[in-house]
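According to this note's numbering, the residues represented by the sequence shown are 2 to 302, in order.
Have a look at the structure below before the remarks.
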Amino acid sequence: MTIFLYIFIVFAFVISNALQLFNTISIETQIITSTFFIMLVGIPHGSLDHLLLPTQNFKSKLKFYIFYIGLIVLNLLVWSFSHIIGLVLFFLISSYHFGESQLYKFNLKNKLLTHFTYLCWGASVIFSFFFYNIDELVFLSKSYEDTRNLLSVVNLNSFSYLFLTSNIITLILFTVFIYKFKVKANKVISEVFFLFVIHISSFLFPLLICFTLFFIILHSLPSLVNQYNHFKKFNNKFALKDFVYLMVPYSSFSILFLFIISFCSYTNVINYSIPLISIILISVITLPHSFIISKFNKSLN
Numbered sequence: 002m003t004i005f006l007y008i009f010i011v012f013a014f015v016i017s018n019a020l021q022l023f024n025t026i027s028i029e030t031q032i033i034t035s036t037f038f039i040m041l042v043g044i045p046h047g048s049l050d051h052l053l054l055p056t057q058n059f060k061s062k063l064k065f066y067i068f069y070i071g072l073i074v075l076n077l078l079v080w081s082f083s084h085i086i087g088l089v090l091f092f093l094i095s096s097y098h099f100g101e102s103q104l105y106k107f108n109l110k111n112k113l114l115t116h117f118t119y120l121c122w123g124a125s126v127i128f129s130f131f132f133y134n135i136d137e138l139v140f141l142s143k144s145y146e147d148t149r150n151l152l153s154v155v156n157l158n159s160f161s162y163l164f165l166t167s168n169i170i171t172l173i174l175f176t177v178f179i180y181k182f183k184v185k186a187n188k189v190i191s192e193v194f195f196l197f198v199i200h201i202s203s204f205l206f207p208l209l210i211c212f213t214l215f216f217i218i219l220h221s222l223p224s225l226v227n228q229y230n231h232f233k234k235f236n237n238k239f240a241l242k243d244f245v246y247l248m249v250p251y252s253s254f255s256i257l258f259l260f261i262i263s264f265c266s267y268t269n270v271i272n273y274s275i276p277l278i279s280i281i282l283i284s285v286i287t288l289p290h291s292f293i294i295s296k297f298n299k300s301l302n
């Protein structure tokens, strides 16, 4: 069991006791707490994408920004054309990104099977959140007209099918890893236990809490540790405070931008609700971020 999964279980235990003590945690408290920790850990984990590539000359930086901004603009165009296509693309990208970030160390020789496994693993996690908390998802979406309209075109029954399908396929693929690719059984079992813990937390906790726990502790923190070790490898004097100082300006700018966009949404300058505009912004950033982290993770093997 990794240190991150241990931290996750400890936090889950604390939250479980808090829920028993107070009976419930208000949705306002969940939103404020989740937003705080996402700003504290989630945003910083993607703030240094531009520094993770091996070459840092002017030409490589220019290519990076053209590529990064180009994907953002392309994704914005997709969302402006169709919210449902944008949402489906967001699910696909997020599923692959979560799976790749967790399983990249498997390093299978079959690339097609590897990519498919990343997608299925990530989908099993995402749809576990939804499957166990479908009523809360519907409740949250009803708060705003645009999110209500978006969810109205989604067949909620499909979440159950996607949940079952992605989890079953993931377990089958793990079995194939052991018998065909000779992956150590204890390594696969640890990943099955990892998914089991996510299922338990999704079943026990509200949607915002279980997602935030996963995103912060099991996704963002390991990425931050990998990034810190990357910079440390090239500079032995690189300390934790240097890493924090490096992240602060970029993270602060991102948070300020989010506040400005949220304020524009709140004052109807932008004709999107804060939840929908948040989904769109996360989506457009996740696309280029997933490409960069994928290249970065390959360099770690």
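Where a beta carbon is used, it is the ideal one built from N, C-alpha and C, also for glycine.
Item to check | Selection from Lys143, Val89, Leu141 that minimises the alpha carbon distance to Ile127 | outcome: Val89
Next on the checklist: Applying the 10 Å Cβ sphere with the 16-neighbour rule, what's the burial state of Asn168?
Outcome noted: buried
Checklist entry - With a CB to CB cut of under 8 Å and the five nearest residues on each side skipped, what residues in its chain are close to Lys299? => result Tyr105
Item to check | Whole-angstrom C-beta distance between Leu257 and Leu282, which should lie under 8 Å | outcome: Between Leu257 and Leu282 the Cβ distance is about 13 Å, and since that is not below 8 Å, they are no contact.
Checklist entry - What residues in its chain sit with their C-beta under 6 Å from that of Thr303, if we drop five residues either side in the sequence? => result Summary: the structure shown does not reach residue 303, with the chain confined to residues 2 through 302, and so no result is reported for it.
Checklist entry - Relative to the alpha-carbon of Ser129, which residue among Lys188, Ile10, Phe204, Lys234 has its alpha-carbon at the smallest distance? => result Phe204
Next on the checklist: Quick check on the DSSP output: the alpha helix (DSSP H) that includes Ile26 runs from which residue to which?
Outcome noted: Unbroken run through Ile26: none, as it is neither H nor E.
Checklist entry - Which first and last residues belong to the alpha helix (DSSP H) in which Val126 is found? => result 112-133
Next on the checklist: Just to confirm, is the Cβ distance from Ile280 to Ser263 under 8 Å?
Outcome noted: no
Checklist entry - Can at least three beta-carbon pairs, one atom from the region 138-152 and one from the region 97-112, be found at a separation below 8 Å? => result no
Checklist entry - What is the residue span of the alpha helix (DSSP H) that Tyr66 lies within? => result 59-82
Next on the checklist: Among the candidates Pro223, Leu174, Ser102, whose CA atom is the shortest distance from the CA of Thr287?
Outcome noted: Ser102
Next on the checklist: Our contact map puts Ser221 next to Ile294 with C-beta atoms below 8 Å; I'd like the distance itself, whole angstroms only.
Outcome noted: The Cβ separation is near 11 Å, so there is no contact.
Next on the checklist: Distance check for Val139 and Ser153, CA to CA, integer angstroms please.
Outcome noted: 10 Å
Checklist entry - At which residues does the alpha helix (DSSP H) containing Asp147 begin and terminate? => result 146-153
Checklist entry - Does DSSP classify Val189 as helix, strand or coil? => result helix
Checklist entry - Buried or exposed: Tyr246, going by 16 or more other Cβ atoms within 10 Å of its Cβ? => result exposed
Next on the checklist: With a threshold of 6 Å on Cβ separation, who are the neighbours of Pro45 within its own chain once the five nearest residues in sequence on each side are excluded?
Outcome noted: Met248, Ser252
Next on the checklist: Classify Leu277: buried if its beta carbon has 16 or more other beta carbons within 10 angstroms, exposed otherwise.
Outcome noted: buried
Checklist entry - Hey, Phe12 and Ile218 are a contact pair by Cβ (cut 8 Å); roughly how many whole angstroms apart? => result 7 Å
Item to check | Neighbour-count burial assignment, Val193, 16 or more Cβ in a 10 Å radius | outcome: exposed
Item to check | Reduced DSSP secondary structure (H/G/I, E/B, other) of Val245 | outcome: helix
Checklist entry - Skipping 5 residues on each side, what residues in its chain have a beta carbon closer than 7 Å to that of Phe65? => result His51, Leu54
Item to check | Residue closest to Glu137, alpha-carbon to alpha-carbon, out of Val285, Ile28, Ile39 | outcome: Ile28
Checklist entry - What is the residue span of the alpha helix (DSSP H) that Phe292 lies within? => result 275-301
Item to check | Own chain, CB closer than 7 Å to Ile8, minus 5 neighbours either side, in chain order | outcome: Ile218
Item to check | Host alpha helix (DSSP H) of Ser161 (start-end) | outcome: 158-180
Next on the checklist: Residues in the same chain with beta-carbon distance under 7 Å from Val285, minus the five sequence neighbours each way, listed in chain order, please.
Outcome noted: Ile73, Asn76, Leu77
Item to check | Status (buried if at least 16 other CB within 10 Å, exposed otherwise) for Asn269 | outcome: exposed
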